[in-house]
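>
In full-length UniProt numbering, the protein residues as written are 1 to 320.
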């Protein structure tokens, strides 16, 4: 396994400064945020698409430091009822740019539509009651999500993008193992998971079991941790709408790797990934409001360096 990083983890640094920091920490690859839920401080999507020279300079900045471009990331809600067209445009441009850069992996969300054709806000259904919830879900999946994704996958495959890594994320139609596998079954194996254990942690799922359940449907891994604050969760539950930066008052918070779950947990997580055949990138995503970006990333690297296998197995049974 190799350690990478989501570029927004160092959004406070200019592009080439961030690359120097990344290379100096022993990280080997970078996943670039291109827009939507990111301000994309490290890339100008339109300028890159317009100029082969800009693309060459961009790639040279990465490769000259011994780094690899591991994915482009356009996380957002391209199925938003009022802003979806704009966000979908970012997704489409990201796919085109990935093709130009010979990068076959795009990280993104599934999207979350409204609950009905005339609604103006997304609607995340997370219970089976009252009865209209099943009707909303059927409309969201059959009339919006599946047609969109069939077209997106077909267009992407024509451009050489054979890995659409969808993050299992709250407030999206695909947010857990069954919903990811449902979409994958419907549109093809180019759709897989961007497995970020931190999201499953706060939703109450078991990220270790998710590895086994997903198997070869894992296209990518985000390395991020979650801390559950037991005193607050006892009364709030995990459904917390408080400010994300108010860690002390929240039921759960994204946190630097090792601070929510110790090294032994991350060691088992990495081992289980190897058991299902995943031998690719662990892309650090720093979203801890308490630790500085550089310190949080470095501490995350230290845990993953200790936990993640680096070499291919050479074990064999001896003839006896």
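Glycine included, each C-beta is placed from N, C-alpha and C at the ideal position.
1) If the criterion is Cβ atoms closer than 7 Å, does the pair residue 38 and residue 8 meet it?
2) From what residue to what residue does the alpha helix (DSSP H) around residue 222 run?
3) Using 8 Å as the Cβ pair cut-off and three pairs as the minimum, do the stretch 224-235 and the stretch 255-264 touch?
4) For residue 102, does the three-state DSSP call read helix, strand or coil?
5) In angstroms, rounded to a whole number, what distance separates the CA positions of residue 184 and residue 213?
6) How many angstroms separate the CA atom of residue 59 from the CA atom of residue 197?
7) Under the three-state reduction of DSSP, which class applies to residue 226: helix, strand or coil?
8) Got a sec, what are the start and stop residues for the alpha helix (DSSP H) residue 58 sits in?
9) Buried or exposed: which applies to residue 275, given that a residue is buried once 16 or more other Cβ atoms fall within 10 Å of its Cβ?
10) In the DSSP assignment, the alpha helix (DSSP H) including residue 295 goes from what residue to what residue?
11) Strictly by DSSP, which residues pair up with residue 122?
12) For the alpha helix (DSSP H) containing residue 155, name the first residue and the last one.
13) Name the one or two DSSP bridge partners that residue 281 has.
14) What is the rounded straight-line gap between the Cα of residue 302 and the Cα of residue 130?
15) Express the C-alpha separation of residue 250 and residue 165 in angstroms, rounding to a whole number.
Answer, in terms of the structure:
1) yes
2) First-last for residue 222: 218-223, but that is the beta strand (DSSP E), not the alpha helix (DSSP H).
3) Short answer: they touch.
4) coil
5) 13 Å
6) 30 Å
7) strand
8) 52-63
9) exposed
10) 293-307
11) 114
12) 146-158
13) 2
14) Distance from the CA of residue 302 to the CA of residue 130, rounded to the nearest whole angstrom, comes to 47 Å.
15) Roughly 29 Å between the two C-alpha positions.
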